[in-house]
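**Q** One structure, pasted below without further comment.
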Amino acid sequence: MNIFRMARSFVQPYQPSFLVMFVTSRCNARCPFCFYAERTGSATGPEELTTEEFERISRKCGKIPYLLLSGGEPSLRDDLEVVTGFFVQNAGAQFVTIPSNGLLPERTVSIFDRLTSTFPGVHFRSAFSVDFPDRRHDEMRGVPGCLDSIVEATRGIRELKRTRPNLSLDVVTVYMKENEHIHPELREWVRESIRPDNHELHLIREDWPDHIPAGLDLDCFLVQAEEYASEGRMKETRNLSAFFRGLNDQYIRSLGRLVRGERISKCFAGRKITVIDETGKVRLCEFRREILGDLRQDDYDLRRILRRSRGLFRKMNREKCTCTWECAVSTNIVCSVRFHPRLLLSAFKELLRWR
Ligand code: SF4
Ligand code: SF4
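Pasting the structure below:
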């Protein structure tokens with residue numbers, strides 16, 4: 180792990196520190212709440228970036244320590260390990276998260292097996308989606324047997340973790356109307372059946388700008404988000420775990436204001452946390468519709484597109500939009516100087532607690 184390189188990515192202008200890459204829009208589940216449903220429902224694949232195109236992007240994007248490979252279902256890409264390897268070798272990725280619906284257990288375990296053994300200096304985080312502790316999960320995901328597949332996949336990941344210290348097993352739950360009042364029961368099921376390192380709660384999204392669905396019990400969400408965070412506190416295994424826990428603490432503390440639509444800081448979407456979709460379009464963020472550029476038409480040069488988007492970044496900050504997107508809020512906290520004393524204090528407390 181190269182802390183200097185990580186720090187440098189945060190201060191270099193138009194150099195992202197966090198890259199969210201939609202590697203495919205294909206998905207083998209049919210979740211009615213999917214925020215990417217307009218793509219996942221009809222995706223077939225040929226429009227997606229090829230292996231070679233990903234390599235070209237990785238050679239020109241500078242050093243990006245944090246990579247999230249999203250979708251769709253990332254494990255549906257046969258070349259996922261190769262694409263990940265490009266960003267580790269060419270772009271210096273040090274923390275890689277790959278979420279999954281768990282429907283391809285063998286393939287998922289084999290991906291993490293190859294990646295963790297090929298790149299022992301990189302920390303990989305497998306994140307599985309679980310929204311109910313029983314058949315309601317399968318109903319919500321539109322696939323019978325989905326929860327059983329997750330149990331099988333996570334069993335394989337736990338086994339792998341015995342010999343791979345650079346692997347974490349996480350669960351992510353989407354807070355929605357349908358599961359609003361089952362969280363203590365769900366947490367207990369996940370604790371006993373999956374035994375993850377972290378279990379996070381994310382708020383369901385609707386289309387921008389009214390991205391928080393009406394009628395949700397947000398007070399209940401805030402209480403539960405804190406409960407989830409407390410439960411994971413002692414289990415974090417990544418390098419810099421105290422920092423990540425401290426960051427998560429600051430995120431949880433900001434949630435109350437964010438769900439009321441208040442802004443906690445300037446937003447660094449685009450510049451420091453950058454989203455590339457599966458066709459090579461660079462988007463302002465996961466919520467808003469603005470496209471910053473098309474890598475295919477710009478010689479696969481991400482930083483050139485970001486430099487050209489200065490005006491849009493200024494406009495977005497003048498508009499003072501706000502959202503609860505976990506990755507953007509965390510990046511904004513790290514990039515905002517006024518949060519640094521609180522962040523350091525939280526990280527220090529976590530370090531003491533952990534020791
Ligand atoms: S598994 Fe994820 S990407 Fe696939 S439909 Fe469900 S929410 Fe969307
Ligand atoms: S606050 Fe940032 S991440 Fe959130 S919607 Fe606005 S531009 Fe996007």
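Count along the sequence shown starting at 1, add 179, and that's the number in the numbering used here.
From the three backbone atoms N, C-alpha and C, an ideal C-beta is built for every residue, glycine too.
#1: Taking 8 Å as the cut-off, decide whether the C-beta atoms of residue 197 and residue 456 are in contact.
#2: Helix, strand or coil: how does DSSP classify residue 371 here?
#3: Could you say which of 296, 260 and 352 lies nearest to residue 320 if we only look at CA atoms?
#4: Between the beta-carbon of residue 215 and the beta-carbon of residue 450, is there less than 8 Å?
#5: CB residue 458 to CB residue 227, shorter than 8 Å?
#6: Taking contact to mean 3 or more Cβ pairs, one atom from each stretch, closer than 8 Å, check whether the stretch 290-301 and the stretch 341-348 are in contact.
#7: Since residue 510 and residue 485 should fall inside the 8 Å C-beta cutoff, what is the C-beta to C-beta distance between them, to a whole number of angstroms?
#8: Among the candidates 522, 479 and 432, whose CA atom is the shortest distance from the CA of residue 503?
#9: So, under 8 Å CB-CB, residue 304 and residue 349 are touching, yes? Tell me the CB distance rounded to an integer number of Å.
#10: Rounded to whole angstroms, what is the Cα-Cα separation between residue 327 and residue 494?
#11: Are there any heavy atoms of ligand 1 lying less than 7 Å away from the beta-carbon of residue 295, as far as the coordinates show?
#12: Looking at residue 512: is its Cβ nearer than 8 Å to the Cβ of residue 524?
#13: Here's the rule: buried if 16 or more other CB atoms are within 10 angstroms of the residue's CB, otherwise exposed. What is residue 271?
#14: Can you list, in chain order, the residues of its chain whose CB lies under 7 Å from that of residue 329, leaving out five sequence neighbours each side?
#15: I'd like to confirm the pairing. Which residues does DSSP put opposite residue 193 in its beta bridges?
#16: If residue 465 and residue 262 are in contact, beta carbons under 8 Å, what's the gap, nearest whole angstrom?
#17: In the DSSP assignment, the beta strand (DSSP E) including residue 306 goes from what residue to what residue?
#18: Helix, strand or coil for residue 472, going by three-state DSSP, please let me know.
#19: Would you mind listing the beta strand (DSSP E) stretches within the stretch 333-383 that are 3+ residues and don't spill past its ends, in chain order?
#20: Are there any heavy atoms of ligand 2 lying less than 7 Å away from the beta-carbon of residue 352, as far as the coordinates show?
#21: Curious, which full-length alpha helix (DSSP H) runs of at least 4 residues does the stretch 246-285 contain?
#22: Looking at the secondary structure, which residues open and close the beta strand (DSSP E) in which residue 219 lies?
#23: Apart from the five residues just before and just after residue 547, which ones in its own chain have a Cβ nearer than 7 Å to its Cβ?
#24: Between 389, 206, 217 and 275, which lies nearest to residue 250 when the distance is taken from Cα to Cα?
#25: With residue 535 as the anchor, note down where its alpha helix (DSSP H) starts and where it stops.
#26: Report yes if the CB atom of residue 185 is closer than 8 Å to the CB atom of residue 273, and no otherwise.
**A** Considering the structure as presented:
#1: No, these two residues do not count as a Cβ contact at 8 Å.
#2: Three-state DSSP puts residue 371 in a helix.
#3: Nearest of 296, 260 and 352 to residue 320, Cα basis: 352.
#4: Cβ atoms of residue 215 and residue 450: not closer than 8 Å.
#5: The Cβ atoms of residue 458 and residue 227 sit closer than 8 Å to each other.
#6: A contact is defined here as three or more CB-CB pairs under 8 Å, and the stretch 290-301 meets this definition with respect to the stretch 341-348.
#7: A Cβ-Cβ distance of about 14 Å is found for the pair residue 510 and residue 485, leaving them out of contact under the 8 Å criterion.
#8: It is 432 whose Cα lies nearest to the Cα of residue 503.
#9: The pair is a contact, with the Cβ atoms about 6 Å apart (cut-off 8 Å).
#10: The straight-line gap from Cα to Cα measures roughly 47 Å.
#11: No, since every heavy atom of ligand 1 falls outside the 7 Å radius drawn around the Cβ of residue 295.
#12: No, Cβ-Cβ distance for residue 512 and residue 524 is not below 8 Å.
#13: Residue 271 counts as buried, since at least 16 other C-beta atoms from the protein chains shown sit within 10 angstroms of its C-beta.
#14: Correct list, in chain order: 281, 307 and 309.
#15: Residue 193 is not bridged to any residue.
#16: Contact flag wrong, Cβ pair sits at about 20 Å.
#17: Here the beta strand (DSSP E) through residue 306 covers 302-308.
#18: Residue 472 falls in the strand class under three-state DSSP.
#19: The DSSP assignment places 346-354 and 377-382 as complete runs of the beta strand (DSSP E) inside the stretch 333-383, in order along the chain (cut-off: 3 residues).
#20: Incorrect: residue 352 has no Cβ contact closer than 7 Å to ligand 2.
#21: Correct list: 259-268.
#22: Under the DSSP assignment, residue 219 falls outside any beta strand (DSSP E), being part of the alpha helix (DSSP H) whose first and last residues are 216-219.
#23: Lying before the first or after the last residue shown, residue 547 is absent from the chain, which here runs from 180 to 534.
#24: When each option's Cα is compared against that of residue 250, the closest is 206.
#25: The chain is shown from 180 up to 534; residue 535 falls before or after that span and cannot be answered.
#26: One thing to note: residue 185 has its Cβ within 8 Å of the Cβ of residue 273.
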